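As numbered in this note's numbering, residues 620 to 813 make up the sequence shown, in order.
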Amino acid sequence: MPQLSPPILAKATHNFSTEDLLGTVGFGRVYKGSFKDDPPTIVAVKSICTIERLRHKNIVLLLGWCHEDEHLLLVYEYMPNGSLDRYIGKCHLDWETRFKILTGLASALLYLHEDSGNPVVHRYIKPNNVMLDEEFNAHLSNVGLARLLQNDAAVTTMLAGTPGYLAPEVGFIGKSTPESDVYSFGMVAIKGYH
């Protein structure tokens, strides 16, 4: 088998053609590929649907990544005011700023759930995943942990989320939904602004 690289995998799958599409799973699509060995080697190639394609003014921008050995490093834009959890119960934010933060977070969720093309469930809506820029605009982070909603792909045996922010029904049905994200949003609003 040749040393694998993106151009070689693209060639093996006829440039990830729909004719070679085997199915859609989790965060990506699986394609049939073949290498011109003797005898030919038939493989399945998973193309990751990266979350980096998500672009919205209230989502932290993924600038780049590096994957070497066991290390995956993600590079995001810098948010000078840190995360929302730095301010809850420790620092007074006026109501105008609070409103701006909550509407920014709501805008990011609307984009993920309805306007991004494929619905995406974040699953980790909590104050330390709400980053604040220099003007205290909210930017949702850790979108890389989100799940694309494709044919109940969000069903899991492991609960994903944070106690206190996790919707109760997720424990019963084992599935995160847009509604469970909205529940988490509500918990951020209640805990952060009581």
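For each residue, glycine too, the CB sits at the ideal point set by N, CA and C. Just so it is clear, the structure is predicted and the values come from calculations on it, not from any experiment.
Own chain partners of Asn756 with C-beta closer than 6 Å, once the 5 adjacent residues on each side are dropped: Result list for Asn756: Gly723, in chain order.
Would the region 705 to 724 count as touching the region 648 to 658 if we require 3 or more Cβ pairs under 8 Å? The region 705 to 724, when compared against the region 648 to 658, does not touch it at the 8 Å Cβ threshold.
Within its chain, find whatever has a CB closer than 6 Å to the CB of Asn748; leave out the 5 residues flanking it on each side and keep chain order. Within the same chain, Asn748 has close Cβ partners Ser760, Asn761.
Would you call Ala773 buried or exposed, if buried means 16 or more other Cβ atoms sit within 10 Å of its Cβ? Any reading at Ala773 needs caution, since the residue's pLDDT is 42, under 50, leaving its predicted position unreliable; the model's value is listed next. Looking at its Cβ environment, which holds 16 or more other Cβ atoms inside 10 Å, Ala773 is buried.
Let me check understanding here. Comparing Cα to Cα, which of Ala786, Tyr784, Pro797, Lys719 lies closest to His741? Considering only alpha carbons, the answer is Pro797.
Taking 6 Å as the limit between beta carbons, can you name the residues of its chain near Glu754, skipping five residues before and five after? Counting only Cβ-Cβ distances below 6 Å, and skipping sequence neighbours, we find nothing.
How long is the line joining the alpha carbons of Ser636 and Tyr650, rounded to whole angstroms? For Ser636 and Tyr650, the gap between their C-alpha atoms comes out near 8 Å.
What three-state label does DSSP hand His732 in the structure shown? Under the three-state reduction of DSSP output, His732 falls in the helix class.
Taking 7 Å as the limit between beta carbons, can you name the residues of its chain near Leu640, skipping five residues before and five after? Taken in chain order, the residues that qualify are Arg648, Tyr650.
Does Asn737 pass the burial test, meaning 16 or more other C-beta atoms within 10 Å, or should it be called exposed? The residue is exposed, with fewer than 16 neighbouring Cβ atoms inside 10 Å.
Compute the beta-carbon to beta-carbon distance between Asp752 and Met806, rounded to the nearest angstrom, for a pair I have assumed lies under 8 Å. With a Cβ gap of about 23 Å, Asp752 and Met806 do not count as contacting.
Figure out for me which residue from Asp713, Leu712, Lys745 has the closest Cα to the Cα of Leu728. Of the listed residues, the one whose Cα sits closest to Leu728 is Lys745.
Would you decide whether Ile720 is buried or exposed? Buried here means 16 or more other CB atoms lie within 10 Å of its CB. Ile720 should be labelled buried.
Roughly how far, in whole angstroms, is the beta-carbon of His758 from the beta-carbon of Ile678, given that I think they are within contact range, below 8 Å? Beta-carbon to beta-carbon, His758 and Ile678 are separated by about 6 Å, close enough to satisfy the 8 Å threshold.
Helix, strand or coil for Lys642, going by three-state DSSP, please let me know. Here residue 642 turns out to be Gly, not Lys, going by the sequence shown. Here Gly642 sits in strand by DSSP.
Can you list, in chain order, the residues of its chain whose CB lies under 6 Å from that of Val662, leaving out five sequence neighbours each side? Counting only Cβ-Cβ distances below 6 Å, and skipping sequence neighbours, we find Gly652.
Between the beta-carbon of Lys676 and the beta-carbon of Ser735, is there less than 9 Å? When the beta-carbon positions are compared, Lys676 and Ser735 stay at least 9 Å from each other.
Length of the line joining the Cα atoms of Tyr784 and Gly793: Taking the straight line from one Cα to the other gives about 15 Å.
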